[in-house]
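*Asks:* Residue numbers (the numbering used here), protein chains in the order written: chain A, 2 to 333; chain B, 3 to 328. Positions of the beta carbon are idealized from the N, C-alpha and C atoms, including for glycine. Remember, it's a predicted structure, so these values are computed and weren't measured experimentally.
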C-alpha cells in the first residue's frame with residue numbers, strides 16, 4: 002500500500018564473507034545467543050533440557066505458518082486470516098470427532114479445511130484480482146465467524162487419546178513431534194525458496210510483478226499456490242495446537258496473525274516484498290520463543306508480552322531505517 | 003437501472019438498506035417504527051464516527067487497525083479519572099479523550115510520516131501496545147457502572163429534541179467531516195494523496211504530513227468514541243471493542259471507499275456503517291444467533307471489495323502502468 006521507492010542496486014557486490022557478516026541473519030544470531038545467555042543467568046530453571054523442550058512449544062506452531070507467510074510476504078502479499086483458519090479447521094476436526102471418526106480422518110479433515118481456506122483466499126486474490134489485505138481481513142472475520150456459528154459459547158473436548166500425540170508426543174528424548182516438524186518444514190521451505198525455480202519466481206514477483214509476468218512467470222498461479230501453502234500450514238498448525246490443548250474453542254489462536262507477521266518481519270523479510278530468507282525466520286522464531294519463555298519464567302503476564310511483541314515489530318523496522326539515516330548523515 | 007446503481011455507490015446502499023428493512027419488516031413489522039429506527043441509528047452512532055476517521059485514513063492509501071484499541075485505551079483513561087475524581091467536569095473528560103486519542107493517532111502518523119514504515123505494520127504494532135497499556139494502567143480490573151459518576155453516564159443518554167446526545171454527536175461529526183472533506187484544502191489533499199501520491203507531490207502537497215493529519219483525525223474520533231462507548235455501556239475493561247477495528251473497515255469498504263486510496267465519500271462511509279448497524283440490530287429480531295454477525299461482516303467485506311474492484315476498473319483508462327501494477 003505504501004509507495005515503493007526505487008531500490009538502489011550497487012554496481013559491485015561486496016565479498017561473500019563480508020556480506021555474510023553484515024547480514025541481518027548474523028545480527029539475529031548474535032541476538033539469539035545473547036538472549037540465551039541472559040536467560041540462563043536470569044533463571045536457574047532455563048538450562049534444563051526438558052524446560053527448553055517445553056519452551057519450543059511457544060513458537061513451533063506459529064513458526065510453521067511463518068515459513069509459508071514469509072513466502073507470501075516476499076511475493077508482496079499478506080495473509081491475515083491464518084489464525085482464523087486455525088480456528089475453522091480446529092472446529093471442523095471437532096465436528097468430525099463428534100461424528101465418531103478416527104484420528105487419521107481427523108488429521109485429513111484438518112488439512113483439507115486449511116487447504117480449502119487457502120484456496121478461497123487464493124481464488125479471491127488471484128482470480129478476481131482483489132487486494133490481499135482486505136480479502137484476508139474479510140476471510141479472517143468469515144472463517145472465525147463460522148467457528149462461532151458452529152460452536153457459540155461451547156467447546157469441543159474429548160479428542161481421542163491417539164490424537165494427543167501430534168501436540169504432546171516426543172520423537173526422541175526431549176525432541177517433540179512439533180519440534181521435529183518445525184525442523185523439517187524449515188528445511189523444506191529453505192530449499193523451496195532458495196534452491197528452486199519456484200523460489201526465484203517468488204522473489205521476482207515481489208520485486209516487480211509486471212516484469213515477472215512479461216518474463217514468463219505465471220504470477221497468478223504462483224500466488225495462488227502461496228495462499229494454498231499458507232492455508233495448509235495453518236491447517237497443520239491447527240492439528241498440532243488442537244492436539245496439544247485437547248480442546249477447541251472459537252477463540253483458539255486469537256491474535257496469532259500478528260505474532261506470525263512479527264516473526265516474519267523480525268526475520269528480515271521486507272514487508273513490502275522482494276527480499277528475505279528462511280534462516281532469518283528460523284532465528285526470529287527461536288528469539289521470540291526464548292523471549293516469551295524467559296518472560297514466562299519471570300512471571301510476566303501474557304498481555305505485557307504482547308506489548309513487547311508490538312514494540313519489537315515496530316522497532317525492527319524502524320531501527321534499520323534510523324541506522325541507515327544516521328550513517329548517511331555521517332557520510333555527508 | 004443496474005448500471006446507474008453500480009456507478010453510484012450511495013444510491014446502491016440506500017436501495018440495499020431499504021430492501022433489508024422491507025425484508026425485516028415482513029417478519030417483524032415493529033422494526034420499521036420511527037422510534038425503533040431512531041434506536042438503530044443511535045446504536046450505530048459510534049460506528050459511524052469511527053468509520054469517518056477510518057475513511058480519511060484509507061483515502062490516503064493507509065489503514066488504521068489500532069482504532070478499536072485506541073478507543074478502549076481512551077475510554078479506560080477517562081473512566082479511571084472519573085472513578086478516582088468524580089468532580090472533574092464531564093466536558094473536560096470528553097476533551098481529554100479527544101486529545102489523548104489524537105495523540106495516540108499522531109504516534110501512528112509520525113511513524114508512517116517520518117520513518118515511512120508501512121501503515122499496516124505500524125497500526126498492527128500499536129494495536130497490541132495500546133491494548134497492553136490498558137492492562138498496565140488498570141491491572142486487568144474493570145471499572146463498573148457504580149464507580150462512574152451519574153453525570154459521566156448521563157451525557158450520551160440525555161435527549162435533545164427527541165434524540166439522544168449520542169445521535170446528535172454523530173450527526174455533528176458527519177457534518178464536520180463532510181465540510182472538511184469537500185470544502186477545505188485538507189480534504190482535497192486527502193483525495194489527492196490517495197489518488198496519486200506522485201502527482202500530489204508535484205502539486206505541492208506534503209504526502210507524509212497529509213497522512214499524519216489523517217491519523218490524528220482518526221485518533222481523535224477514536225478517542226471521542228472511547229468516552230461515548232464507556233459511558234454508554236457503563237463499563238470499562240481491557241477487552242472492550244475488541245475486534246471492532248474490522249467492523250470499522252467493513253463499514254468503509256461497504257461504503258465504497260477504495261482500499262487503494264483516493265476514492266470515497268462521507269455519505270458512503272455513513273451508509274456503510276448504517277448497513278452493518280441495521281443487520282446487527284435485525285439479527286436478534288429475526289431469530290438468528292448473534293454469533294453469526296462476525297461471519298456476516300466477513301462475507302459482506304468480501305462482496306463489497308469485489309464490487310468496489312469492478313466499479314473502479316470501469317473508472318477510466320489507466321495511463322500510468324505503475325498505478326496498474328498495484
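Which residues bound the beta strand (DSSP E) around residue 173 of chain A?
*Replies:* First-last of the beta strand (DSSP E) with residue 173 of chain A: 171 to 173.
*Asks:* At the 8 Å Cβ level, is residue 149 of chain A part of the contact set with chain B, yes or no?
*Replies:* Residue 149 of chain A counts as touching chain B.
*Asks:* Can you name the residues of chain A whose CB is closer than 8 Å to the CB of residue 214 of chain B?
*Replies:* Residues of chain A passing the Cβ test: none, with the nearest at roughly 14 Å.
*Asks:* Answer with yes or no whether the minimum CB distance from residue 315 of chain A to chain B is below 8 Å.
*Replies:* True, the Cβ-Cβ gap to chain B drops below 8 Å.
*Asks:* Please state whether DSSP places residue 162 of chain B in a helix, a strand or coil.
*Replies:* Note: residue 162 of chain B maps to strand in three-state DSSP.
*Asks:* Output the distance between the C-alpha atoms of residue 213 of chain A and residue 220 of chain A, rounded to the nearest integer angstrom.
*Replies:* Between residue 213 of chain A and residue 220 of chain A, the C-alpha separation is close to 7 Å.
*Asks:* Could you tell me whether the stretch 144 to 159 of chain B touches the stretch 225 to 234 of chain B, using the rule of 3 or more Cβ pairs below 8 Å?
*Replies:* Taking 8 Å as the limit for Cβ pairs, the verdict is that the stretch 225 to 234 of chain B does touch the stretch 144 to 159 of chain B.
*Asks:* Under a CB-based cut-off of 8 Å, is residue 329 of chain B close to chain A?
*Replies:* Missing from the structure shown is residue 329 of chain B; chain B here goes from 3 to 328 and no further.
*Asks:* Counting contacts by CB-CB distance shorter than 8 Å, is residue 145 of chain A in contact with chain B?
*Replies:* Yes, because at least one Cβ of chain B sits closer than 8 Å to the Cβ of residue 145 of chain A.
*Asks:* Could you name the residues that DSSP lists as bridge partners for residue 290 of chain B?
*Replies:* According to DSSP, residue 290 of chain B bridges with nothing at all.
*Asks:* Within the 8 Å Cβ cut-off, does residue 191 of chain A reach chain B?
*Replies:* Judged by the 8 Å Cβ criterion, residue 191 of chain A is not in contact with chain B.
*Asks:* Taking just the CA atoms, how far does residue 195 of chain B sit from residue 183 of chain A?
*Replies:* Using only the alpha carbons, I get a separation of about 43 Å.
*Asks:* Just verifying my parser: in three-state terms, what is the DSSP assignment at residue 60 of chain A?
*Replies:* Note: residue 60 of chain A maps to coil in three-state DSSP.
*Asks:* Do residue 311 of chain B and residue 278 of chain B have their C-beta atoms closer together than 8 Å?
*Replies:* Not a contact, by the Cβ cut-off of 8 Å.
*Asks:* What are the residues of the stretch 113 to 137 of chain B that lie near chain A, defined by any Cβ-Cβ distance shorter than 9 Å?
*Replies:* Hits within the stretch, in order: 113, 114, 117, 118, 119, 120, 121, 122, 123, 124, 126, 127, 128, 129, 130, 131, 132, 133, 134, 135, 136, 137.
*Asks:* Within 10 angstroms of the Cβ of residue 161 of chain B, are there 16 or more other Cβ atoms? Answer buried if so, exposed if not.
*Replies:* The residue in question, residue 161 of chain B, is exposed, as its Cβ has fewer than 16 Cβ neighbours within 10 Å.
*Asks:* Taking 8 Å as the CB-CB limit, is residue 307 of chain B close to chain A?
*Replies:* Chain A, which has a Cβ nearer than 8 Å to the Cβ of residue 307 of chain B, makes this yes.
*Asks:* Check whether the stretch 218 to 227 of chain B touches the stretch 96 to 115 of chain B, counting contact only when three or more Cβ pairs, one atom from each stretch, lie closer than 8 Å.
*Replies:* The stretch 218 to 227 of chain B is in contact with the stretch 96 to 115 of chain B.
*Asks:* Helix, strand or coil for residue 30 of chain B per DSSP?
*Replies:* Correct three-state label for residue 30 of chain B: coil.
*Asks:* In chain order, what residues of the stretch 10 to 27 of chain B put their CB closer than 9 Å to some CB of chain A?
*Replies:* Cβ contacts with chain A come from no residue of the stretch 10 to 27 of chain B.
*Asks:* For a contact meaning CB atoms closer than 8 Å, what does residue 319 of chain A contact in chain B?
*Replies:* Here the neighbours are 113, 117, 119.
*Asks:* With burial defined as no fewer than 16 other Cβ atoms inside 10 Å of the residue's Cβ, what is the status of residue 173 of chain A: buried or exposed?
*Replies:* Classification for residue 173 of chain A: exposed.
*Asks:* Please name the residue in A:100, A:216, A:52 whose C-alpha comes closest to that of residue 159 of chain A.
*Replies:* When only C-alpha atoms are compared, the closest one is A:100.
*Asks:* Cα-Cα, which of A:63, A:28, A:118, A:32 is closest to residue 1 of chain A?
*Replies:* The first residue shown for chain A is 2 and the last is 333, placing residue 1 of chain A beyond what the model contains.
*Asks:* Given this structure, state the Cα-to-Cα distance separating residue 21 of chain A from residue 167 of chain A, to the nearest angstrom.
*Replies:* The alpha-carbon atoms of residue 21 of chain A and residue 167 of chain A are separated by roughly 37 Å.
*Asks:* With distances taken from CA atoms, which of A:79, A:315, A:263 is nearest residue 119 of chain A?
*Replies:* Minimum Cα distance to residue 119 of chain A is reached at A:79.
*Asks:* Which partner residues of residue 135 of chain B appear in the DSSP bridge assignment?
*Replies:* Residue 135 of chain B pairs with nothing; no bridge assigned.
*Asks:* Please return the same chain residues whose Cβ sits closer than 7 Å to the Cβ of residue 98 of chain B, not counting the five positions on each side in sequence.
*Replies:* Excluding residues within five positions, the ones whose Cβ falls inside 7 Å are 80.
*Asks:* Near residue 247 of chain B, which residues of its chain fall below 6 Å by C-beta distance, leaving aside the five closest residues on each side in sequence?
*Replies:* 67, 69, 70, listed in sequence order.
*Asks:* Cβ closer than 9 Å: which chain A residues qualify as neighbours of residue 255 of chain B?
*Replies:* Result: 135, 138, 139.
*Asks:* What residues from chain B crowd round residue 311 of chain A, counting only those whose CB sits closer than 9 Å?
*Replies:* Within 9 Å Cβ-Cβ: 126, 127, 128, 129, 130, 131, 132, 133, 134.
*Asks:* What is the residue span of the alpha helix (DSSP H) that residue 179 of chain A lies within?
*Replies:* Residue 179 of chain A -> alpha helix (DSSP H) spans 178 to 196.
*Asks:* In or out: residue 49 of chain B buried (at least 16 other Cβ within 10 Å) or exposed?
*Replies:* Per the 10 Å Cβ criterion, buried.
*Asks:* Is the Cβ of residue 291 of chain B closer than 8 Å to any Cβ of chain A?
*Replies:* Yes, contact with chain A.
*Asks:* At a cut of 8 Å, does the stretch 123 to 130 of chain B reach the stretch 303 to 320 of chain A through at least three beta carbon pairs?
*Replies:* These segments touch.
*Asks:* From the DSSP output, which residues share a beta bridge with residue 120 of chain A?
*Replies:* Note: residue 120 of chain A sits in no beta bridge, so no partner.
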